[in-house]
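Student: Going by full-length UniProt numbering, the first residue of the sequence shown is number 1, and it counts up by one from there. Backbone N, C-alpha and C define an ideal beta-carbon position, used for all residues, glycine too. Quick caveat: nothing in here was measured; it's all calculated off a predicted structure.
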Amino acid sequence: MISMKIGQIARYSRCAKKAVKVAVVGAAGGIGQPLSLLLKMSPMISTLALHDLQDIKGVVADLSHICTGTRVQAFVGAKELQCALEDAAIVVVPAGLPRKPGMNRADLLTVNGDVAVEVAKTIAFVCPKALMAFITNPINTIIPIVAQILKERNVFDPNRLFGVTTLDVVRARTFVAEALCIDPRTVQIPVIGGHAGITILPLLSQCLPKYTVTGAERDKLVKRIQDAGNEVVEAKAGAGSATLSMAFAAAKFVDCLLRAINGEENVIACSYVQSKVTEAEFFATPILLGPGGIYKNLGLPQLDEQEKKAVETLVKQLQQDIAEGAKFLCK
Ligand SMILES: NC(=O)C1=CN([C@@H]2O[C@H](COP(=O)(O)OP(=O)(O)OC[C@H]3O[C@@H](n4cnc5c(N)ncnc54)[C@H](O)[C@@H]3O)[C@@H](O)[C@H]2O)C=CC1
Ligand SMILES: O=C([O-])CC(=O)C(=O)O
1 MISMKIGQIA RYSRCAKKAV KVAVVGAAGG IGQPLSLLLK MSPMISTLAL HDLQDIKGVV
61 ADLSHICTGT RVQAFVGAKE LQCALEDAAI VVVPAGLPRK PGMNRADLLT VNGDVAVEVA
121 KTIAFVCPKA LMAFITNPIN TIIPIVAQIL KERNVFDPNR LFGVTTLDVV RARTFVAEAL
181 CIDPRTVQIP VIGGHAGITI LPLLSQCLPK YTVTGAERDK LVKRIQDAGN EVVEAKAGAG
241 SATLSMAFAA AKFVDCLLRA INGEENVIAC SYVQSKVTEA EFFATPILLG PGGIYKNLGL
301 PQLDEQEKKA VETLVKQLQQ DIAEGAKFLC K
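1) Would DSSP call Asp183 helix, strand or coil?
2) What residue range does the beta strand (DSSP E) around Asn297 cover?
3) How many angstroms separate the CA atom of Met246 from the CA atom of Phe253?
4) For Ala88, tell me which candidate among Asp114, Leu303, Ile123 has the shortest Cα-Cα distance.
5) With a threshold of 16 other CB atoms inside 10 Å of the CB of Cys83, please say whether the residue is buried or exposed.
6) Within 8 Å, do at least three Cβ pairs link the stretch 155–168 to the stretch 42–61?
7) Does the beta-carbon distance from Val222 to Cys207 come in below 8 Å?
8) Pull up the DSSP beta-bridge partners for Ile20, would you.
9) Should Lys67 go down as buried or exposed, given a rule of 16 or more other Cβ atoms within 10 Å for buried?
10) Nearest by alpha-carbon distance to Ala242: which of Ser205, Pro34, Gln274 is it?
11) Skipping 5 residues on each side, what residues in its chain have a beta carbon closer than 6 Å to that of Val25?
12) Based on the DSSP secondary-structure assignment, which residues constitute the bridge partners of Pro286?
13) Is it true that the stretch 165–179 meets the stretch 263–279, where meeting means three or more beta-carbon pairs spaced less than 8 Å apart?
14) How would you label Leu81, buried or exposed, when you count the other beta carbons within 10 angstroms and need 16 or more for buried?
15) Find out if the Cβ-Cβ distance for the pair His137, Arg105 is shorter than 8 Å.
16) Taking the Cβ atom as the reference point for each residue, do Val115 and Phe134 lie within a distance shorter than 8 Å?
17) Answer yes or no: do Thr313 and Asn297 have a C-beta to C-beta separation smaller than 8 Å?
18) Throw me the rounded Cβ distance for the Ile139 and Gly193 pair, which I believe falls under 8 Å.
19) Can at least three beta-carbon pairs, one atom from the stretch 36–45 and one from the stretch 288–295, be found at a separation below 8 Å?
20) Relative to the alpha-carbon of Val111, which residue among Ile142, Phe283, Lys79, Leu203 has its alpha-carbon at the smallest distance?
21) Would the beta-carbon of His51 be found less than 7 Å away from any heavy atom of ligand 1?
22) Could you tell me which of Gly238, Ala239, Gln319 sits nearest to Lys276, measuring between CA atoms?
23) Contact check, Leu201 vs Val213 under 8 Å by CB: the rounded distance?
24) State the beta-bridge partners of Leu52 as determined by DSSP.
25) Taking the alpha carbon of Glu234 as the point to measure from, which residue in Gly292, Arg99, Val22, Asn154 has its own alpha carbon closest?
26) Give the list of continuous beta strand (DSSP E) stretches no shorter than 3 residues that lie fully inside the stretch 167–241.
27) For Glu152, count the other beta carbons within 10 Å of its own beta carbon; 16 or more makes it buried, fewer makes it exposed. Which is it?
28) By DSSP, does Phe125 sit in helix, in strand, or in coil?
29) For Asp183, is the classification buried or exposed, using 16 other Cβ atoms within 10 angstroms of its Cβ as the cut-off for buried?
What follows is the structure in structure tokens.
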């Protein structure tokens, strides 16, 4: 029985044409641990390099007993970040402080801006060709900061830098499914813009299956999706923000990157990237992924009148959030 299962795992591991190294920076944290568990189950990952400032050896010992083909390695402290990132095809970054009740995501910039700068500098030096998926908040400002650090080192490839906004899509699918009394896995809905408050714009007009909701009911649903992060922060009452749902969302996004690296076609995911779609220099839209990251930005989906107005307003907010990145780097 046991040997049959091992055989099955070995066959499963061989399914991926190309299994690659993935590094997780901030892997000991609330998101990092469950995310690492989910990634350990991917046959498309040959090595999982787990890095944190905190000791992560216990987490790695624990994960290493799971009978999948992915090798897990521990890297502890700033000095070991370089080794962790060597030859990584994908770097996922959930490093940094989470919110407490009463804070907004922008309040995290002072601390998390420094974290992102340090990580970006090391990526620029060690693995600038990796696909980079940043989770660290405030996403709207962190991604422009990382882009600037990479630009200053002449290694910026806009196709390879992603702000992870998948949790907004995950929530939109769940809440719409609740309203329709259907399985959330059958719901498709793009979420565009950014990842804070009104910059999160779920496009209910594009929802599949069709969900015709109007007036106050629609406004309430949009607001619930926009404020879902607060819902978790308040429920956790000082113990942090979304971790398990975020780990699920990040694992889904990394899976999309891995499938694209493996040559799968038609892999599409919403993500916050450098963009020419609106006047905001960074903007989340559906992205067609390929082995080199963004294959094609699919741009703005069709919008109804209410969504067009919401985009106009959110672009202004995003421009301010993006400008905060430049201010941060000037300090
Ligand atoms: N993009 C999104 O949708 C979401 C983003 N987040 C953000 O993700 C981040 C992490 O959240 P949690 O895991 O809950 O926090 P956490 O505090 O539980 O874990 C963060 C981990 O990062 C580590 N860390 C800090 N600085 C580091 C550095 N320079 N190098 C390596 N590791 C470092 C810490 O030691 C800690 O283990 C927060 O900024 C949070 O706001 C959270 C939920 C959703
Ligand atoms: O709300 C937070 O601070 C964490 C987050 O980004 C989310 O849950 O969407």
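Tutor: On the basis of the supplied data:
1) Assignment of Asp183 by DSSP, reduced to helix, strand and coil, places it in the coil class.
2) Its beta strand (DSSP E) spans residues 293–297.
3) Spanning the alpha carbons of Met246 and Phe253 requires a straight line of approximately 10 Å.
4) Shortest Cα-Cα distance from Ala88 to any of Asp114, Leu303, Ile123 involves Ile123.
5) Classification for Cys83: exposed.
6) In the pairwise beta carbon analysis, the stretch 42–61 is classified as not touching the stretch 155–168: fewer than three pairs are separated by under 8 Å.
7) Against a cut-off of 8 Å, the Cβ pair of Cys207 and Val222 comes out as no contact.
8) According to the sequence shown, residue 20 is Val rather than Ile. Beta-bridge pairing links Val20 to Ile45.
9) Lys is not the amino acid found at residue 67; the sequence shown has Cys there. Counting other Cβ atoms within 10 Å of its Cβ, Cys67 stays below 16 and is therefore classed as exposed.
10) For Ala242, the nearest C-alpha among the options comes from Pro34.
11) Closer than 6 Å at the Cβ level, and outside the excluded window around Val25, lie His51, Val93, Ala95, Val119.
12) Answer is Cys270, bridged to Pro286.
13) With the cut-off at 8 Å, the stretch 165–179 and the stretch 263–279 touch.
14) By the neighbour-count rule (16 or more Cβ atoms within 10 Å), Leu81 is buried.
15) The sequence shown places Asn at residue 137, not His. Yes, the pair counts as a contact, with Cβ atoms nearer than the cut-off.
16) It is not a contact, given that the beta carbons lie outside the stated cut-off.
17) No, Cβ-Cβ distance for Thr313 and Asn297 is not below 8 Å.
18) Actually they do not touch by this definition, with Cβ atoms about 11 Å apart.
19) Proximity of the stretch 36–45 to the stretch 288–295 falls short of the contact definition, fewer than three beta-carbon pairs being nearer than 8 Å.
20) Of the candidates Ile142, Phe283, Lys79, Leu203, the one whose C-alpha sits nearest the C-alpha of Val111 is Ile142.
21) Within the cutoff, so yes.
22) Ranked by Cα distance from Lys276, the first of Gly238, Ala239, Gln319 is Gln319.
23) The distance from the Cβ of Leu201 to that of Val213 is about 15 Å, inconsistent with a contact at the 8 Å cut-off.
24) Position check: residue 52 holds Asp in this sequence, whereas Leu was assumed. Partner residues in the beta bridge of Asp52, as assigned by DSSP, are Val76.
25) It is Arg99.
26) Entirely contained in the stretch 167–241, the beta strand (DSSP E) runs reaching 3 residues are, in chain order, 191–193, 200–202.
27) By the 16-neighbour rule on beta-carbons within 10 angstroms, Glu152 is exposed.
28) Three-state DSSP puts Phe125 in a helix.
29) Under the 10 Å beta carbon count, Asp183 is surrounded by fewer than 16 other beta carbons and is classified as exposed.
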